[in-house]
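Contents: one structure, followed by commentary.
There are 2 protein chains.
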Amino acid sequence: MKGRILTGDTPTGKLHLGHYVGTLENRVKLQRDYKTFIILADLHALTTLSSDPKIISEYTYQVALDNLAVGLDPEKVNIFVESRIPEIYELAAIFSMYVSHTRSLRNPTVKDEIVSKGQGEHFSLGFINYPIFQAADILCVKANLVPVGVDQVAHLEQTREIARDINRVVGEDIFPIAEALVGKVGKLVGTDGNPKMGKSLGNCIYLSDSEEVVNKKVMGMYTDPKRIHPTDPGRVENNPVFIYHDVFNSNKTEVGDLKERYKKGTVGDIEVKEKLAKALNVFLDPIRKRRAHYEKNKDLVMDILDTGTKRTREITIETLNELKSKIGLQ
Amino acid sequence: MKGRILTGDTPTGKLHLGHYVGTLENRVKLQRDYKTFIILADLHALTTLSSDPKIISEYTYQVALDNLAVGLDPEKVNIFVESRIPEIYELAAIFSMYVSHTRSLRNPTVKDEIVSKGQGEHFSLGFINYPIFQAADILCVKANLVPVGVDQVAHLEQTREIARDINRVVGEDIFPIAEALVGKVGKLVGTDGNPKMGKSLGNCIYLSDSEEVVNKKVMGMYTDPKRIHPTDPGRVENNPVFIYHDVFNSNKTEVGDLKERYKKGTVGDIEVKEKLAKALNVFLDPIRKRRAHYEKNKDLVMDILDTGTKRTREITIETLNELKSKIGLQ
Chain A
39 MKGRILTGDT
49 PTGKLHLGHY
59 VGTLENRVKL
69 QRDYKTFIIL
79 ADLHALTTLS
89 SDPKIISEYT
99 YQVALDNLAV
109 GLDPEKVNIF
119 VESRIPEIYE
129 LAAIFSMYVS
139 HTRSLRNPTV
149 KDEIVSKGQG
159 EHFSLGFINY
169 PIFQAADILC
179 VKANLVPVGV
189 DQVAHLEQTR
199 EIARDINRVV
209 GEDIFPIAEA
219 LVGKVGKLVG
229 TDGNPKMGKS
239 LGNCIYLSDS
249 EEVVNKKVMG
259 MYTDPKRIHP
269 TDPGRVENNP
279 VFIYHDVFNS
289 NKTEVGDLKE
299 RYKKGTVGDI
309 EVKEKLAKAL
319 NVFLDPIRKR
329 RAHYEKNKDL
339 VMDILDTGTK
349 RTREITIETL
359 NELKSKIGLQ
Chain B
39 MKGRILTGDT
49 PTGKLHLGHY
59 VGTLENRVKL
69 QRDYKTFIIL
79 ADLHALTTLS
89 SDPKIISEYT
99 YQVALDNLAV
109 GLDPEKVNIF
119 VESRIPEIYE
129 LAAIFSMYVS
139 HTRSLRNPTV
149 KDEIVSKGQG
159 EHFSLGFINY
169 PIFQAADILC
179 VKANLVPVGV
189 DQVAHLEQTR
199 EIARDINRVV
209 GEDIFPIAEA
219 LVGKVGKLVG
229 TDGNPKMGKS
239 LGNCIYLSDS
249 EEVVNKKVMG
259 MYTDPKRIHP
269 TDPGRVENNP
279 VFIYHDVFNS
289 NKTEVGDLKE
299 RYKKGTVGDI
309 EVKEKLAKAL
319 NVFLDPIRKR
329 RAHYEKNKDL
339 VMDILDTGTK
349 RTREITIETL
359 NELKSKIGLQ
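Protein chains in written order, with our numbering: chain A, 39 to 368; chain B, 39 to 368.
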């Protein structure tokens, strides 16, 4: 084992292709080499769902399915539910004493999300605490590698600062300085051309979408807006349809051929999109099959979460006790 | 039983006369009528002791002794150590999602403390979270009465708001709207004439001070600064020595006589102070005796804390599970 991985998802919706290329792909790839912990950060979900919290537990289940569907092996990885480990929050409470208020407000991801979620002045204290909760999630299992999307790198920087500060206070390296591992596509463009595929933007292809839904979404995709007729030469750079072809179509000859013809104006959008939809469905099919298997065995999924949570909690309690004894809180 | 009391202390030093009149006196008086929970908020102490945390566990023990010394009956009340109940922090994390960041910054006690502790821009996120942690402390046992010093009333207002907000979200009154009970002297003047007796101000008479120390502190007290000679007429209003006489000297005839003569200029400061020192020592003697008893039985004190913490944790887990199930986090 090369170390420990902590990563996961805030269950505010099902996971999509952006999650796959940002982090899920790395999770699957590295599960053999790293002791892996996947967090279902249900309490974090309250930062956006505080007035409609009942939906969170359904999303938590769906996201667990998504993680299993992409090929995480429950025999190897620990998938756990954050809100069933209260010690994580005590860890966060201790960390919050070591982070200045102004530092939290300077966090670029926090700033971006205040804008992108239209929170104005109305964001909660929990929203400002988010990076501290995340530090607790990562450090509770002393993870040294964190596969994340590019927008989470600033949060991880705060985790690294907290680890350094605490190590200095206790005079010992009790926490690792975790590294971010950004996926092959740090931020995937949405179907509408928005630079980010995001649940709240309505521009996602979900890992759980059926073949029909994928076909429909792909046929409605944003392409080169200047191209009116199939005979107009088009741009493949920054064109969402070709970005997806590059990422998800394993037939590189086909992709090369489509690009050539698109630039020359000898292929229609429809053919490009139909081939993309086909490639995406080839990519998604094994994911759908595994998902269907787990959907039929809800008890099995619950057992997987119970076991993962129990194991993670044991480690978290050890970490918390170690920290408290080193700082003298006992 | 008329309900539940939650109150307690942040162990950043031993308790003093200001704590006694602000809250301890009420704790003792009400312990028969209310199911009482006394928190030793050791993790809160990190807001001011984050770089020197090792001293907190000693202060926690000292504050436990102070509470037992004033006459709290460990058979009746639950004295507990906050940092041994991780569920309190999960409760706080949930609450933080229901409090706006700007609301936290408007808290007058938070504002005052930023100034009085000279924190400038350097206060921690934990400092801003303080009133939310306090809400969790109070609501974890569903307390409906909180004996506090006057400077804590604003924090309690935030607890009341949180309780109302959560009750509204879950559509049920799961939390009581707790009332503050300010002691007979909401804020006791310091020995130096500062309006507040405070650990950080060096103007305290501690409940654990010996007779000699009390005598010395009283003889050095600030009185009427305009009175130079014992024959000058003096002011008794806002004069710390007479404020203490009013509060702690049970011989009201003696106090009346001293006031008369002070106003006329027929008594010296020395006599007034000697009589105050005597009265304070009469007041403190039974407290010292009980303290000495518990100091000799450290194991007994530890057992009291273990039992109180265990009982409080059971109730907290029930409260947390109820809240999570009502908001749908399971």
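Built from N, CA and C at the ideal position, the CB exists for glycine as well. None of the values given here were measured: they were computed from a predicted structure.
List, in order along the chain, the chain A residues whose C-beta lies closer than 7 Å to that of residue i?
i              : result
residue 154(B) : Per Cβ cutoff of 7 Å: no residues; residue 154(B) is ~17 Å from chain A at best.
residue 366(B) : 91, 92, 94, 95
residue 238(B) : Result: empty, since nearest Cβ-Cβ is about 17 Å, beyond 7 Å.
Going along chain B, which residues have a C-beta under 8 Å from residue i?
i              : result
residue 85(A)  : 135
residue 389(A) : This structure gives no information on residue 389(A), because the portion of chain A shown stretches from 39 to 368.
residue 245(A) : Going along chain B, no residue has its Cβ under 8 Å from residue 245(A), so there is no contact; the nearest lies around 24 Å.
Using a Cβ cut-off of 8 Å, pull out every chain A residue sitting near residue i, in sequence order please.
i              : result
residue 124(B) : 124, 125, 127, 128, 358
residue 167(B) : 131, 134, 163, 167
residue 171(B) : 131
residue 370(B) : Nothing can be reported for residue 370(B): it is not among the residues displayed for chain B, which extend from 39 to 368.
Candidates the options: which alpha carbon is nearest residue i's?
i              : options                        : result
residue 160(A) : 163(B), 146(B), 139(B)         : 139(B)
residue 67(B)  : 89(B), 83(B), 86(B), 43(B)     : 43(B)
residue 208(B) : 51(B), 47(B), 361(B), 50(B)    : 361(B)
residue 256(A) : 81(A), 215(A), 238(A), 318(A)  : 318(A)
residue 277(B) : 294(B), 227(B), 250(B), 288(B) : 227(B)
residue 261(A) : 182(A), 40(A), 301(A)          : 301(A)
residue 322(A) : 152(A), 54(A), 39(A), 40(A)    : 54(A)
residue 224(A) : 52(A), 61(A), 41(A), 39(A)     : 61(A)
residue 103(A) : 130(A), 94(A), 89(A), 52(A)    : 52(A)
residue 316(A) : 287(A), 131(A), 48(A)          : 287(A)
residue 253(B) : 310(B), 351(B), 97(B)          : 310(B)
residue 70(B)  : 57(B), 283(B), 93(B), 39(B)    : 39(B)
residue 382(A) : 72(A), 176(A), 367(A)          : Residue 382(A) lies beyond the residue range present for chain A, which begins at 39 and ends at 368; the question has no answer from this structure.
residue 83(B)  : 48(B), 165(B), 202(B)          : 48(B)
What's the call for residue i, buried or exposed, on a 16-neighbour Cβ count within 10 Å?
i              : result
residue 290(A) : exposed
residue 142(A) : buried
residue 304(B) : exposed
residue 313(A) : buried
residue 206(B) : exposed
residue 100(B) : buried
residue 334(B) : exposed
residue 89(A)  : exposed
residue 194(B) : buried
residue 270(A) : exposed
residue 198(B) : buried
residue 351(B) : buried
residue 96(B)  : exposed
residue 338(B) : exposed
residue 18(A)  : With chain A represented from 39 up to 368, any question about residue 18(A) goes unanswered, as that position is not in the structure.
residue 239(A) : exposed
residue 258(B) : exposed
residue 294(A) : exposed
Report the CB separation of residue i from residue j in whole angstroms; it is logged as a contact under 8 Å.
i              : j              : result
residue 297(A) : residue 280(A) : 6 Å
residue 106(B) : residue 50(B)  : Not confirmed; about 19 Å, so no contact.
residue 204(B) : residue 212(B) : 7 Å
residue 185(A) : residue 45(A)  : 5 Å
residue 196(A) : residue 145(A) : 6 Å
residue 222(B) : residue 59(B)  : 6 Å
residue 178(B) : residue 215(B) : So it is not a contact: roughly 16 Å between Cβ atoms.
residue 154(B) : residue 85(B)  : Going by Cβ atoms, the distance from residue 154(B) to residue 85(B) rounds to 13 Å, so no, they are not a contact pair.
residue 220(B) : residue 251(B) : Incorrect: roughly 28 Å between the Cβ atoms, too far for contact.
residue 183(A) : residue 217(A) : 6 Å
residue 170(A) : residue 137(A) : 6 Å
Listing by chain order, which chain B residues have their CB less than 7 Å from the CB of residue i?
i              : result
residue 142(A) : 163
Give me the chain B residues within the contact set of residue i, using Cβ-Cβ distance strictly less than 9 Å, ordered along the chain.
i              : result
residue 44(A)  : Going along chain B, no residue has its Cβ under 9 Å from residue 44(A), so there is no contact; the nearest lies around 18 Å.
residue 194(A) : The contacting residues do not exist; residue 194(A) stays about 17 Å from chain B at best.
residue 180(A) : Chain B residues near residue 180(A): none, gap ~18 Å exceeds 9 Å.
residue 160(A) : 138, 139, 140
residue 103(A) : Ordered by position in chain B, no residue passes the 9 Å Cβ test against residue 103(A), which lies about 17 Å from the chain.
Name the chain A residues that come within less than 9 Å of residue i, Cβ to Cβ?
i              : result
residue 78(B)  : Those within 9 Å of residue 78(B) in chain A number zero; the least Cβ separation is about 11 Å.
residue 121(B) : 128, 131, 132, 362, 367, 368
Open item on the list: I want to know whether the stretch 343-361 of chain B touches the stretch 111-120 of chain B - three or more CB-CB distances under 8 Å.
Closed with: yes
Task: the stretch 53-69 of chain B touching the stretch 94-112 of chain B, judged by at least three CB pairs closer than 8 Å - done: yes
TODO: Could you tell me whether the stretch 322-329 of chain A touches the stretch 244-255 of chain A, where touching means 3 or more Cβ pairs closer than 8 Å?
DONE: yes
Task: Validate contact between the stretch 119-129 of chain A and the stretch 72-81 of chain A using beta carbons, cut 8 Å, 3 pairs - done: Yes, the stretch 119-129 of chain A touches the stretch 72-81 of chain A.
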